[in-house]
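The numbering used here applies: residue 52 is where the sequence shown begins, and numbers increase by one. We put the beta carbon where it would ideally sit given N, CA and C, even for glycine. Encoded as structure tokens, the structure appears first; notes follow it.
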Amino acid sequence: MNVKLPISNAVLLLDGKLPVQKVYLQLKPLADKAQLVLAEPQTGAGYHQWKIPGNGWVPFTKVEEAKKAEYATVYKQRRETLWNAMQGSAIKKTITTVPSDDFIFFRHVDGQLQVALAAWAYRYPDQSVGSEMEGWEYKADLQNVNVGFEWGGQLLPKMNFRLANYPRTTDKDGFLRLDKPVPVGTVIPVKTIDGRSFQVNVEKGKDDYIFDLTKRMRVEVVTTLDGVPVAGRHCVIHFNGNDYPVVTDEQGRTELEVPLKPDEAGDVSALQPVCRVTSEDKQAEKTPTGEGCVVTFELNWVSPPPPEEPKKPEEPKKPEEPKKPEEPKKPEEPEKPEKPKKPEEPKEPEDVLEPPKMVKIRLLDYGGCPLPDLPFVLFTKKKGELQLRTDADGCCEVQQDWLTNNEKMKVKFEITPEYRQTHDIHDGKTKKK
52 MNVKLPISNA VLLLDGKLPV QKVYLQLKPL ADKAQLVLAE PQTGAGYHQW KIPGNGWVPF
112 TKVEEAKKAE YATVYKQRRE TLWNAMQGSA IKKTITTVPS DDFIFFRHVD GQLQVALAAW
172 AYRYPDQSVG SEMEGWEYKA DLQNVNVGFE WGGQLLPKMN FRLANYPRTT DKDGFLRLDK
232 PVPVGTVIPV KTIDGRSFQV NVEKGKDDYI FDLTKRMRVE VVTTLDGVPV AGRHCVIHFN
292 GNDYPVVTDE QGRTELEVPL KPDEAGDVSA LQPVCRVTSE DKQAEKTPTG EGCVVTFELN
352 WVSPPPPEEP KKPEEPKKPE EPKKPEEPKK PEEPEKPEKP KKPEEPKEPE DVLEPPKMVK
412 IRLLDYGGCP LPDLPFVLFT KKKGELQLRT DADGCCEVQQ DWLTNNEKMK VKFEITPEYR
472 QTHDIHDGKT KKK
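Written out as structure tokens, the structure is:
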């Protein structure tokens, strides 16, 4: 966009010894940092000309009345930012002097207000320097602005992001507080390090603008008693230092969306803690894999056997009747010789069930010491993933027929901070030689 002004209608306020083009090149970087566009001066035949990049610019005199206070306040703030950058310069206020408000332009790009100056350091020869805008600068409603990000309902401290394309960081309490109030109605773009975009729409009476970055997993719990679903079973999901009570429905199921552990950039941490569910005398553990994963637990109970019925008391024995006198025995007849028995056929040996052969697995730390009572996962070709736990000696036995011949053992386990607090961990790398 080009802005023209007849030479006879403009008076340069700079010393004639200072080339305007050279002044422009020196001031442009400072103006850019102040978010103020200085139009580039160009040579014209019989007129002055300035080039403003892009289109859609509107002079202040044609801005809607409802927006003039906001625009005037934004321009005042950016003009003062440029003056502060030119601290000590005798021409800092001369640079932002224009013949009239017709040479101060505004437009919105990606929700952000841009301001441009044409005919800067010039005035009309027959008019005193003045501006309608000055009457609007203090009419805008101003609002303090605090920006924060939350994860699972908690503000994230020391969170890096970009505000209006400038790098910013939240404080220890999770808020970035802007140094100056902002005109109501201002739109400020916000972007996280991983590229998620938001915007602050400044509202009257609202200080805090919080954006939710939470990413979650789904935890499912299934409970049965003797294979039948149990309704109304109270369970507790433990994850990342938080406890979430849940109750099963008529199908013996319950599920809950649980926030994963975040990293410093406000995204999902690559290393997630163990998720554990407990209910009465049962518990189970699994490690989530990341955003959107589903972690399912099955808790199964078996009813105790019914108590044995008490035995009935024995009835008293009847008194024995007196024995009759024995009759004299008849003389025994001689025994007949027994017939020779046929030789018995040899019996086939009965099948004997032998106990299954077992394979012992032992987990050791770097110091060669056993890891007792540690949950781990054994990966097998036949049985898939097996959830196991070592005994007090760091050992665990599995049936040999669960493994294939010459199968290489693959295990996965995690030494959690809770485990370290209750067990000694030896690091072989730190042993004295």
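Sorting 232, 298, 316 and 410 by C-alpha distance to the C-alpha of residue 220 places 316 at the top.
Residue environment for residue 261: exposed (fewer than 16 other C-beta atoms within 10 angstroms of its C-beta). According to the DSSP secondary-structure assignment, residue 453 is paired through a beta bridge with no residue. Per the DSSP secondary-structure output, residue 155 pairs in a beta bridge with 168. Distances from the CA of residue 196 to each of 231, 166 and 458 were compared; the closest alpha carbon is that of 231. Taking C-beta atoms as the reference points, residue 336 and residue 426 count as a pair closer than 8 Å.
For residue 126, the uninterrupted alpha helix (DSSP H) segment begins and ends at 116 to 136. Nearest C-alpha to residue 205 among 156, 61, 225 and 458: 225. With 16 or more other Cβ atoms inside 10 Å of its own Cβ, residue 199 counts as buried. Residue 147 places its beta carbon less than 8 Å from that of residue 171. For residue 327, the secondary structure class from DSSP, reduced to helix, strand or coil, is strand. In the same chain as residue 352, and ignoring 5 residues on each side of it, the C-beta atoms closer than 6 Å to its own belong to 276, in chain order. Comparing C-alpha distances from residue 418 to each of 441, 288, 476 and 290 shows the shortest one belongs to 476.
Excluding its 5 nearest sequence neighbours in each direction, residue 122 has C-beta neighbours in its own chain below 6 Å: 114 and 157, listed in chain order.
Within the DSSP bridge table, the entry for residue 211 names 220 as partners. For the pair residue 137 and residue 251, the Cα-to-Cα distance works out to about 30 Å. Counting along the chain, residue 74 sits inside the alpha helix (DSSP H) bounded by residues 71 to 84. Looking at 130, 451, 149 and 119, the one whose alpha-carbon comes closest to that of residue 54 is 149.
Around the CB of residue 152, 16 or more other CB atoms lie within 10 Å, so the residue is classed as buried. Residue pairing by DSSP places residue 173 opposite 63 in a beta bridge. The shortest C-alpha to C-alpha distance from residue 210 to any of 314, 174, 235 and 119 is the one to 314.
Listed in chain order, the alpha helix (DSSP H) elements of length 4 or more contained wholly in the stretch 423 to 479 are 468 to 473.
In this structure, DSSP gives residue 148 a state outside helix and strand, which the three-state scheme calls coil.
Secondary-structure assignment with DSSP links residue 199 through a beta bridge to 226 and 261. Judged by DSSP secondary structure, residue 335 falls within the beta strand (DSSP E) whose first and last residues are 333 to 337. For residue 341 and residue 164, the gap between their C-alpha atoms comes out near 39 Å. As far as DSSP is concerned, residue 245 takes part in no beta bridge. The continuous beta strand (DSSP E) containing residue 275 extends over residues 267 to 276. Distance check between residue 97 and each of 82, 65, 60 and 106 places 60 closest, using alpha-carbon atoms only.
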